[in-house]
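Chains as they are written, first to last, in our numbering: chain R, 82 to 239; chain Y, 643 to 984. Notes follow once the structure below has been shown.
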Amino acid sequence: MEFNNEFSINSNSEEATIKIGNVIGENISIGDIVLLIGDLGAGKTKLTQGIINGLGCSDFVRSPTFVLITEYIADFPIYHMDLYRLDTSESIDRLFLDEYLYGDGVCVIEWADKGDEFFPHDSLMIKIENISETARKLNFNFNRKSFKDLVEKLKGAL
Amino acid sequence: MNILGIETSCDDTAISIVKDGQSIKSNIIASQVHMHEKYGGIIPEIASREHFLTIIPTINESLYESGLTHKEIDCIAVTNGPGLAGSLLVGVNAAKGLGLAWDKPVMPINHLEGHIYSGWLDNKNPDKEVGFPLICLIASGGHTEMVLMKNHLTYEIIGKTRDDAAGEAFDKTARVLRLGFPGGPEIQKEAESANGNLDPFPRPEIKDSLDFSLSGLKTAVVNRAIKENIYPHTDFNAPNNEIVSEYSFAFQEAIVDTLIRNISRALKNFEAKGVLLGGGVAANSRLREKMAQNLDIPLIAPKPYLCTDNGAMIASAAYYRIKQYGTSPTFDMDVVPNLKLH
């Protein structure tokens, strides 16, 4: 996927990652798709915890690896998905991803690199890099203008 | 009373017939890993289509094995949640269809309640042999919950995972160590040949709560594997057998200790007569062994094949529900993917 915009931000703890997630959640809405990429233990689910709280849902976010999709309810549905267990594009297709991607809520998708070709170009992609045991670098990539505003908010908030 | 139990909440199509909640007449499980080999080796992430293909043959096989005809079945019990919506739908639809065709009542059952009632299978009787209340630990790839069972069918969730499930921690650790799926049996096997000379992994704890947080343990394994250059995987950094064994042992000890610690803390808060294990992780022999050593009250640990998903536990739970509340014609029931245990 090609992106025109880039932005990076560092996090030095789980708490900081959740805070970044909060700001993301406060600045996205229905129809937005957040793609998360990062290795085991990078903090994808922690970032999602922040996003979902930022969207106004106070639930604990559990890893969706086993169930593939977990639904949370804020003012609209939030679909938290995980492609970790999926190894072939055929099996991803069978998730009926489009129903969620072009549906009535927000989608946050972990291990999105496994299904690159399924996601629209106006998604927000966040790659989480391990810098040390606790420090992470979050690389944002996007095309849509509304995510530029989100990035400005992130710069202001942190 | 013969009850046909249907369990399709995840990726096994499991059908059993159980007499009077305790005596297993047949227990058939069509594992999709195996099914997919026949269809060209697709990995079975999305299970509903495979359930759809296998459910009727599996029901027929279960009937055949039991030696009963459908006329001798008194009720059809089916998991209606929690689980994957598409998978649950196949089981619930089949149950409704059979109920209509055979003119039998259909009883929806919570999957977690099923895991608890696996303790009653195989002609066990925890309520008579041990008594209530029981503290139940249900730990699998998708669940890690501690339940206070005050009496038949009466539950209170007293602890749950806030992030990863216990079985998921096994699976992901196994993946780091390049072991197969599911990770639990592989790690258990590798751990057996360990000397136990690796620094221990953390036993993550949430202050003032019986909840679990297991993602930190997974991250600790990943961090050490990165530091010792066996992860991320390359063509040249596969760990030798000894390292795999030592990691497996250290991880298994950490997760087993974490589960046991929360059970012990729960036993301080709640007066229980026994501890009951359920779910795939409950098949882990180290957990069973260490748990038995640590408890001074009875441990109810169903045989490993009854810990993993099966239809018998669903039939057993239905028997006790019928005994207490009778049956009612419930053809309007729906699947509830995030069904809670009450």
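Ideal Cβ positions, reconstructed from N, Cα and C, are used throughout, including at glycine.
Contacting residues, own chain, Cβ-Cβ under 6 Å from residue i (five flanking each side not counted)
| i | result |
| --- | --- |
| LYS869(Y) | none |
| ASN85(R) | ASN224 |
| TYR961(Y) | ILE645, GLY663 |
| TYR153(R) | ILE133, CYS138, ASP140, ILE159 |
| GLU679(Y) | Summary for GLU679(Y): the model assigns pLDDT 37, below 50, so the residue's position carries little reliability, and this model does not support an answer. |
| ASP230(R) | none |
| ASP654(Y) | ILE671, SER673, ASP951 |
| ASN871(Y) | ASN879 |
| GLY858(Y) | PRO846 |
| TYR681(Y) | The predicted model places TYR681(Y) with a pLDDT of 34, which falls under 50 and marks its position as unreliable, so this point remains unresolved. |
| VAL232(R) | PHE88 |
Neighbourhood of residue i by C-beta distance below 7 Å, restricted to the same chain and skipping five residues each side
| i | result |
| --- | --- |
| LYS218(R) | SER89, ASN91, GLU210, ILE212 |
| THR146(R) | ASP163, TYR165, ARG166 |
| TYR873(Y) | VAL818, VAL864, ALA867 |
| ILE111(R) | PHE157, ASP185, GLY186, VAL187 |
| VAL977(Y) | ASN722, GLY723, ALA727, LEU730, LEU731, VAL734 |
| ALA737(Y) | ILE648, ILE718, VAL720, VAL748 |
| LEU852(Y) | MET788, ILE800, GLY801, ASN904, ARG907, ALA908 |
| GLY135(R) | GLY102, ASN103, VAL104, ILE105, GLY106, GLU107 |
| VAL142(R) | THR126, THR129, GLN130, ILE133, HIS161 |
Residue from the options with nearest C-alpha to residue i
| i | options | result |
| --- | --- | --- |
| GLY122(R) | VAL886(Y), THR700(Y), VAL818(Y), ASN879(Y) | VAL818(Y) |
| PHE843(Y) | GLU832(Y), VAL898(Y), GLY725(Y), ALA807(Y) | VAL898(Y) |
| ILE659(Y) | THR700(Y), GLN674(Y), ALA811(Y), SER673(Y) | THR700(Y) |
| TYR967(Y) | ALA954(Y), MET749(Y), ILE758(Y) | MET749(Y) |
| LEU981(Y) | VAL886(Y), THR972(Y), GLY723(Y) | GLY723(Y) |
| ASN839(Y) | ARG804(Y), ILE848(Y), GLU884(Y) | GLU884(Y) |
| LYS661(Y) | ASP976(Y), MET955(Y), VAL977(Y) | MET955(Y) |
| ILE718(Y) | SER651(Y), SER729(Y), HIS753(Y), ASP745(Y) | ASP745(Y) |
| GLU755(Y) | ILE964(Y), LYS965(Y), ASP974(Y), SER958(Y) | SER958(Y) |
| GLY131(R) | LYS100(R), ASN108(R), VAL148(R), GLU191(R) | LYS100(R) |
| SER651(Y) | GLY953(Y), ILE715(Y), LEU983(Y) | GLY953(Y) |
| ALA808(Y) | GLY826(Y), GLU931(Y), ARG820(Y) | GLY826(Y) |
| HIS202(R) | TRP192(R), ASN222(R), VAL189(R) | ASN222(R) |
| LYS965(Y) | ASN767(Y), LEU795(Y), PRO979(Y), SER708(Y) | LEU795(Y) |
| SER927(Y) | PRO944(Y), ILE657(Y), ILE939(Y), PRO940(Y) | PRO944(Y) |
| GLY739(Y) | THR972(Y), LEU983(Y), HIS984(Y) | THR972(Y) |
| ALA216(R) | VAL142(R), GLY196(R), ALA97(R) | ALA97(R) |
| ILE939(Y) | ILE777(Y), SER690(Y), ARG804(Y) | ILE777(Y) |
| GLU83(R) | GLU95(R), GLU198(R), GLU233(R) | GLU198(R) |
| LEU742(Y) | ILE758(Y), ASP716(Y), ARG804(Y) | ASP716(Y) |
| GLU707(Y) | ASP974(Y), SER668(Y), HIS757(Y) | SER668(Y) |
| SER855(Y) | GLU834(Y), ASP806(Y), THR696(Y) | ASP806(Y) |
| GLU1019(Y) | MET643(Y), ASP813(Y), ASP974(Y), ASP841(Y) | The requested residue 1019(Y) does not occur in the structure, where chain Y is confined to residues 643 to 984. |
| PRO946(Y) | ASP841(Y), LYS910(Y), THR803(Y), SER782(Y) | SER782(Y) |
Proximity below 8 Å, CB of residue i to CB of residue j
| i | j | result |
| --- | --- | --- |
| GLN830(Y) | ASN765(Y) | no |
| GLY119(R) | LYS208(R) | yes |
| THR1011(Y) | PRO846(Y) | Any answer about residue 1011(Y) is impossible in this case: the structure gives chain Y only from 643 up to 984. |
| VAL772(Y) | ILE942(Y) | yes |
| LEU919(Y) | LEU779(Y) | yes |
| VAL923(Y) | ILE905(Y) | no |
| LEU64(R) | LEU205(R) | Nothing in the structure corresponds to residue 64(R), since chain R is present only between 82 and 239. |
| SER760(Y) | LEU929(Y) | no |
| GLU810(Y) | SER144(R) | yes |
| ILE902(Y) | LYS932(Y) | yes |
| GLY102(R) | THR126(R) | no |
| TYR797(Y) | LEU937(Y) | no |
| ALA836(Y) | PHE891(Y) | yes |
| ILE109(R) | PHE200(R) | no |
| LEU763(Y) | ILE657(Y) | no |
Cutoff 8 Å; reference residue i; Cβ partners in own chain excluding five residues on either side
| i | result |
| --- | --- |
| GLY822(Y) | ALA816, GLU828 |
| PRO775(Y) | LEU790, MET791, LYS792, ASN793, PHE912, GLU913, ALA914, LYS915 |
| VAL886(Y) | LEU819, ARG820, LEU821, GLU832 |
Residue i, buried or exposed, once every other Cβ within 10 Å from all chains shown has been counted against 16
| i | result |
| --- | --- |
| THR151(R) | buried |
| PHE878(Y) | exposed |
| ALA934(Y) | exposed |
| HIS610(Y) | The shown model of chain Y, from 643 to 984, leaves out residue 610(Y), and the question about it has no answer. |
| TYR181(R) | buried |
| ILE848(Y) | exposed |
| GLU692(Y) | buried |
| ASP179(R) | exposed |
| TYR183(R) | exposed |
Residues within the stretch 117-143 of chain R neighbouring chain Y, beta-carbon criterion of under 9 Å: Of all residues in the stretch 117-143 of chain R, ASP120, LEU121, GLY122, ALA123, GLY124, THR126, LYS127, GLN130, PHE141, VAL142, ARG143 have a Cβ within less than 9 Å of some Cβ in chain Y.
Chain-ordered residues of the stretch 213-234 of chain R with a beta carbon less than 8 Å from chain Y: Identification of residues in the stretch 213-234 of chain R having a C-beta nearer than 8 Å to some C-beta of chain Y yields GLU214, given in sequence order.
Near-chain R residues of the stretch 799-819 of chain Y (beta-carbon distance less than 7 Å), N- to C-terminal order: Within the stretch 799-819 of chain Y, THR803, ARG804, ASP805, ASP806, ALA807, GLU810, LYS814, VAL818 place their CB atoms closer than 7 Å to a CB of chain R, listed in sequence order.
Cβ-based contacts, 8 Å cut-off: residues of the stretch 95-119 of chain R near chain Y: Taken residue by residue, none of the stretch 95-119 of chain R has a beta-carbon sitting less than 8 Å from a beta-carbon on chain Y.
Where the stretch 182-208 of chain R meets chain Y: residues whose CB sits under 8 Å from a CB there: Against chain Y - using a Cβ distance shorter than 8 Å - the stretch 182-208 of chain R contributes no residues.
Selection of the stretch 838-860 of chain Y by Cβ proximity to chain R, strictly under 7 Å: For the stretch 838-860 of chain Y, residues whose beta-carbon sits nearer than 7 Å to a beta-carbon of chain R comprise SER857, LYS860.
Interface residues of the stretch 780-795 of chain Y facing chain R [CB-CB below 7 Å]: Those would be GLY783, GLY784, in chain order.
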